[in-house]
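Visitor: So my numbering is basically just the index in the sequence shown, starting at one, shifted up by 972.
For every residue, glycine included, the Cβ atom is placed at its ideal position computed from N, Cα and C.
It should be emphasised that the depicted structure is a prediction, and the values quoted were computed from it without experimental measurement.
This is the structure, below, for whatever I ask next.
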Amino acid sequence: MKQYRSYIVIPLLVLLCIATRLPMLCSPNRMLDIDECTVGLMADHQYYKGEISPIFWGQAYGFTLVETTAITAIYAIGGVSDISVKIAMLVLWIIGIVFFYKTLNLVSKERVIPLLITLLFICSPAWAVWSMKARGGYLTAFTLGWILLYLVMHPAASRRIITWVLAGALISLIYESQALWIPGLLPIIIYRLVKEKKRRFTASFIITALCSFGAFAIYKEQLTVRHYVVYAEQGDLLQNVLRIPAYLYAHLHGDYFFDYIAAPNAVNASFAILFSILAYGLILIAIFYSLKKRNSLFVSSALGILLSLLATIPSLKMEPRYMLPVTGCTLLTLQLFLNNLTRLRAAKTSLAVVCITGLTGLLTLHDYSFCKTKRQELLQLISYLEEGNIHHVYVPDWMLQWQIMYYSHEQVIARQQEIPDRCPVYNKSVDKAFYTGKPVAIVGYDGSLNLPGEQAHIAGYFVYAHPSKELLQQNFTLWPISSYYK
């Protein structure tokens, strides 16, 4: 089969990945959200103190070590900043894109289609924001997932036992990073194991995976966990099946923030509709192929799309990020389907049109910002607190707490209303400062908390200095004083 020379194509793909993300990187609206700030702080501790935390703080899932290590590497080159966090994640995503392209080349019968499909992935609005988000495992799962598929689909590598040992380790890392990637990977892995017909390969994969899962289970026993995931009630499951089309549509247009979903512009809406039709169409074709017992690899890949869609059923709310694995599953399945066609001119033209649509939509998200916190205003607040020698604050907003700590480089320690929170050492530190007579304050967005008495107002924030114990107890759950003086 003919292929473009990798040393030409891959650098061009890397440049396109960077060029399409530059507007967002340079946007004045660039702001890390709560989870990104948490990963950033974990990276800070790794960079400055050598503290390594493999799992996202406060959770029993979210293997984060790959992301924090990538961030510390960029810190060493470009300094500690939020843009270093974004660049590190972009590098990680680009590695995944390269292995995606290489995987398509392994299964393609010609050279243009893999390139066009990879361009479509790069230009997808669904990944405009998420290609640079340090959210504790998502990009790790994405990148390791494509490395894993490349290895098990490589005709030479897949015949070596070491590949299946590595595959077993990778599948456990992917599961611990973000388990939502597993439904899209397993059908292809099972297909490849059946295809190879080597029991030792299957045994190596399973034994290594079980050992890796066991090691993680032992490690996680010692963690302080605050689990935030809420699953749907049994009665909600049918409704959650019926919401899948809206769920996928929201993911594909990319205009959302956590569970808040905005109305997309016409371009991104068009892209989401076209991509949705593609995903559902491939599933229907795969059902027909399975009845005819044709093209088992294509059917396995399409099953990955279906399972990835169904994996969102247990979530209580529509969180479009849970659909992130669907994009790659769909595009790999598309490549496998197009392998069956002899005339590809119409397919190439259609892919080019959808690429242009996606790129146009992606660029409209350059000023993406749903975060209430703005950088310059937050820095003014931090400066005010430091000038007033206030280094411990109570914050009623769960996101602002972590943004204050990251952007102040932990010169101001913040805690939210509940305990123990995802990292108890912080809210214990704030309570200890209060109990020992150090200056503390209640800080939040103007109007977010109704407090009596005089307050300072700084750039859209209020600062209530030296609150009484009674006032704190009305709004925050304090740690018992005995925990500091045993």
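In whole angstroms, what separates the C-alpha of His-1225 from that of Val-1412?
Guide: The straight-line gap from Cα to Cα measures roughly 43 Å.
Visitor: For a test of the three-state rule: what should DSSP assign to Ala-1428, helix, strand or coil?
Guide: Three-state result, Ala-1428: strand.
Visitor: In chain order, what are the residue ranges of uninterrupted beta strand (DSSP E) at least 3 long that sit wholly in the segment 1346 to 1424?
Guide: 1364 to 1366, 1385 to 1387, 1412 to 1417, all fully within the segment 1346 to 1424.
Visitor: Is the number of C-beta pairs between the segment 1330 to 1348 and the segment 1384 to 1395 that are closer than 8 Å three or more?
Guide: Touching, no.
Visitor: Counting C-beta neighbours from all protein chains within 10 Å, is the total for Gly-1186 16 or more, i.e. buried, or is it exposed?
Guide: With fewer than 16 other Cβ atoms within 10 Å, it is exposed.
Visitor: Short check: CB of His-1017 to CB of Ala-1098, under 7 Å?
Guide: Cβ atoms of His-1017 and Ala-1098: not closer than 7 Å.
Visitor: Using 7 Å as the threshold, is the C-beta distance between His-1364 and Ala-1431 below it?
Guide: Not a contact, by the Cβ cut-off of 7 Å.
Visitor: Are the C-beta atoms of Tyr-1366 and some chain B residue less than 7 Å apart?
Guide: Included in the structure is just one protein chain, with no chain B present.
Visitor: If you draw a straight line from the alpha carbon of Leu-1182 to that of Ala-1139, how long is it in whole angstroms?
Guide: Their Cα atoms are separated by approximately 12 Å.
Visitor: Check whether the segment 1306 to 1317 and the segment 1213 to 1223 are in contact - that is, three or more C-beta pairs closer than 8 Å.
Guide: The segment 1306 to 1317 is not in contact with the segment 1213 to 1223.
Visitor: To the nearest angstrom, report how far apart Met-1125 and Trp-1118 are at their CA atoms.
Guide: Taking the straight line from one Cα to the other gives about 10 Å.
Visitor: Check whether the segment 1171 to 1182 and the segment 1017 to 1031 touch, using three or more Cβ-Cβ pairs below 8 Å as the test.
Guide: Short answer: they don't touch.
Visitor: Using CA atoms only, rank isn't needed, just tell me which of Phe-1260, Val-1435, Phe-1071 is closest to Pro-1368.
Guide: Among Phe-1260, Val-1435, Phe-1071, the Cα nearest to that of Pro-1368 is on Val-1435.
Visitor: Would you identify the three-state DSSP class for His-1199, choosing helix, strand or coil?
Guide: Here the model assigns His-1199 a pLDDT of 47, short of 50, so the residue's position is not dependable and the matter cannot be decided.
Visitor: Less than 7 Å between the beta carbons of Pro-1297 and Gly-1156, yes or no?
Guide: Taking 7 Å as the Cβ cut-off, Pro-1297 and Gly-1156 qualify as a contacting pair.
Visitor: Report yes or no: do the segment 1371 to 1384 and the segment 1342 to 1351 share at least 3 C-beta pairs separated by less than 8 Å?
Guide: They touch, by the three-pair rule.
Visitor: Is it true that the CB of Ser-1273 sits closer than 7 Å to the CB of Leu-1304?
Guide: Contact flag set, yes.
Visitor: Would you report the Cα separation of Val-1201 and Ile-1453, rounded to the nearest angstrom?
Guide: Caution is warranted here: a pLDDT of 48 is assigned to Val-1201, below 50, making its placement in the model unreliable, and the coordinate value is therefore given only provisionally. Taking the straight line joining both Cα atoms gives about 30 Å.
Visitor: Starting from Val-1435 and walking both ways along the beta strand (DSSP E), at which residues does that stretch end?
Guide: Its beta strand (DSSP E) spans residues 1433 to 1437.
Visitor: Taking 6 Å as the limit between beta carbons, can you name the residues of its chain near Tyr-1047, skipping five residues before and five after?
Guide: Hits under 6 Å: Tyr-1019, Ser-1056.
Visitor: Which runs of the alpha helix (DSSP H) fall wholly inside the segment 1210 to 1278 and span at least 4 residues, in chain order?
Guide: With a minimum length of 4 residues, the continuous alpha helix (DSSP H) runs that stay inside the segment 1210 to 1278 are 1216 to 1225, 1238 to 1263.
Visitor: With a cut-off of 8 Å, do at least 3 Cβ pairs link the segment 1391 to 1406 to the segment 1349 to 1356?
Guide: Touching, no, given that fewer than three Cβ pairs across the two stretches are closer than 8 Å.
Visitor: Between the segment 1253 to 1270 and the segment 1135 to 1150, do at least 3 Cβ pairs fall closer than 8 Å?
Guide: Not touching, per the Cβ criterion.
Visitor: By the three-class DSSP mapping on this structure, what secondary structure does Phe-1035 have?
Guide: The answer is strand: DSSP assigns Phe-1035 an E or B state.
Visitor: Just to check my reading of the structure: Ile-1043 and Gly-1012 have Cβ atoms closer than 8 Å, yes? What is that Cβ distance to the nearest angstrom?
Guide: Indeed, because the Cβ distance is near 7 Å, the residues count as touching under 8 Å.
Visitor: Quick one: using the 10 Å Cβ neighbour count with 16 as the cut-off for buried, is Asn-1212 buried or exposed?
Guide: Asn-1212 is buried by the Cβ-count criterion.
Visitor: Could you name each continuous alpha helix (DSSP H) segment of 4 residues or more that falls completely within the segment 1154 to 1200, going from the start of the chain to the end?
Guide: Here the runs fully enclosed are 1154 to 1168, 1171 to 1192.
Visitor: Which same chain residues end up closer than 6 Å to Val-1271 when comparing Cβ atoms and leaving out the 5 residues on each side of it in sequence?
Guide: Excluding sequence neighbours, Val-1271 sits near Ala-1258, Tyr-1261, Ser-1262.
Visitor: For Ile-1285, does the three-state DSSP call read helix, strand or coil?
Guide: Note: Ile-1285 maps to coil in three-state DSSP.
Visitor: In angstroms, rounded to a whole number, what distance separates the CA positions of Val-1084 and Thr-1075?
Guide: Straight-line Cα distance between these residues: approximately 14 Å.
Visitor: So the candidates are Arg-1107, Pro-1086, Val-1070; which of them puts its Cα closest to the Cα of Thr-1040?
Guide: Of the candidates Arg-1107, Pro-1086, Val-1070, the one whose C-alpha sits nearest the C-alpha of Thr-1040 is Arg-1107.
Visitor: So within the segment 1051 to 1107, which uninterrupted alpha helix (DSSP H) runs reach at least 4 residues, ignoring any that extend past its ends?
Guide: The segment 1051 to 1107 contains these whole alpha helix (DSSP H) runs: 1054 to 1079, 1084 to 1094.
Visitor: Taking Cβ to Cβ, would you say Leu-1111 is nearer than 7 Å to Trp-1065?
Guide: Going by C-beta atoms, Leu-1111 is nearer than 7 Å to Trp-1065.
Visitor: May I ask you to report which of helix, strand or coil DSSP gives Leu-1006?
Guide: It should be pointed out that residue 1006 corresponds to Ile in this sequence rather than to Leu. Of the three classes helix, strand and coil, the one that applies to Ile-1006 here is helix, per DSSP.
Visitor: Would you give the residue range spanned by the alpha helix (DSSP H) that Thr-1332 belongs to?
Guide: 1317 to 1335 is the span of the alpha helix (DSSP H), which, as asked, contains Thr-1332.
Visitor: What's the call for Asn-1001, buried or exposed, on a 16-neighbour Cβ count within 10 Å?
Guide: Label assigned to Asn-1001: exposed.
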